[in-house]
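This report refers to the structure that appears directly beneath it.
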Amino acid sequence: MLKTRLFLTVAAALALVTGASARLLAQGVTTGAISGTVTDANGTPVEGAQIQIRNPRTGASAGGITRANGQYSVQGVEPDAGYSVTVRRIGFEPITRDNRTVSLGQTIREDFQLRQQSTVLQTVTVSAEATPVINPSKTGTGTTVGDSLLRRLPTLSRNFADFVQLVPQVSTATGGLSGGGVNLRQNAIQIDGAASGDLFGIGTTGQPGAQANAKSIPLDAVKEYQVLLSPFDVRQGNFGGLLINAVTKTGTNEFH
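What follows is the structure in structure tokens.
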């Protein structure tokens, strides 16, 4: 009985090894490669030359860069015929060879000898103009919510502070408006320059009377407001999280 068990164990081990070998053989090599050496007219290796391999029929391309000894090797090339191999290096004339065939599991060799060529690099001038978003007067992280957004965006509570959630740095995971991860009790609200925040920090909206669902001003009265986080402007202060700076609409000479 012991001999039988030993025979079965050895047979199982052989089956596992044989199965693993069969799987390895089944994978095989599914691609080919192109390698070679790039030198100059004097036989000196050229380092940093760009190698581009392209199949015009499929549009597939691959590339590499020569090492300090001038050698390159591009692996994983799909077996096919008609490849073009191009070598480029600043200061040398580029060379292209067409109709190269890559066989399955084979590495074909393509050596190149580059000839020096005078190259004139064009001057590139980059200029930029100050914009309302990027300019010296920008004093910190801020987002402006204009009158157009206030009229078009949907809201159920009709609270002008609802749209503060559109600011990427603001989170409502804690139940209130958290600017930059700071507790909502460190937020501030000012309307037309006057402080209009929750002094006791009882509610979750930051506005006085939040527990009674009260609102500082109706949504239709707000013309525009901005949400500021850590502004560098010394005129803004007395808050650690975010500041909602709102202005109201003005009247006109026409009766409505």
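In terms of this note's numbering, the sequence shown has 79 at position 93, counting the first letter as 1, and numbering is strictly consecutive.
Glycine included, every Cβ here is placed at the ideal spot set by N, Cα and C.
#1: Going by DSSP, what residue range makes up the alpha helix (DSSP H) through Leu152?
#2: On the CB-based measure, 16 or more other CB atoms within 10 Å of its CB, does Asn173 come out buried or exposed?
#3: Can you look up Arg95 in the DSSP assignment and give me helix, strand or coil?
#4: Would you say Asp148 and Val233 are within 8 Å of each other, going by their C-beta atoms?
#5: Is the segment 158 to 166 close to the segment 103 to 113, with three or more CB pairs under 8 Å?
#6: Under 8 Å, do Gly128 and Val213 count as touching if we go by C-beta distance?
#7: Among all the DSSP beta bridges, which residues are the ones paired with Gln176?
#8: With distances taken Cα to Cα, identify the nearest neighbour of Arg206 among Val60, Pro140 and Thr160.
#9: Distance check for Arg171 and Thr160, CA to CA, integer angstroms please.
#10: When DSSP labels each residue in this structure, what does Ala207 get in the three-state scheme?
#11: Output the distance between the C-alpha atoms of Thr16 and Val110, rounded to the nearest integer angstrom.
#12: Do you know whose CA, among Ser143, Glu240 and Phe241, lies nearest Ile203's CA?
#13: Grab the span of the alpha helix (DSSP H) containing Arg307 for me, first residue to last.
#14: Among all the DSSP beta bridges, which residues are the ones paired with Ser70?
#15: Taking Cβ positions, are Ser70 and Arg95 nearer each other than 8 Å?
#16: Beta-carbon separation of Thr25 and Gln108 under 8 Å?
Checking against the coordinates, here is how it stands:
#1: Taken as a continuous stretch (DSSP letters only), Leu152 belongs to no alpha helix (DSSP H), as it is neither H nor E.
#2: buried
#3: strand
#4: no
#5: no
#6: yes
#7: Ala181 and Asn231
#8: Going by the sequence as given, residue 206 is Asp instead of Arg. Out of Val60, Pro140 and Thr160, Pro140 has the C-alpha closest to the C-alpha of Asp206.
#9: 12 Å
#10: helix
#11: 44 Å
#12: Ser143
#13: The structure shown has nothing for residue 307, since the chain only spans -13 to 242.
#14: Arg40
#15: no
#16: no
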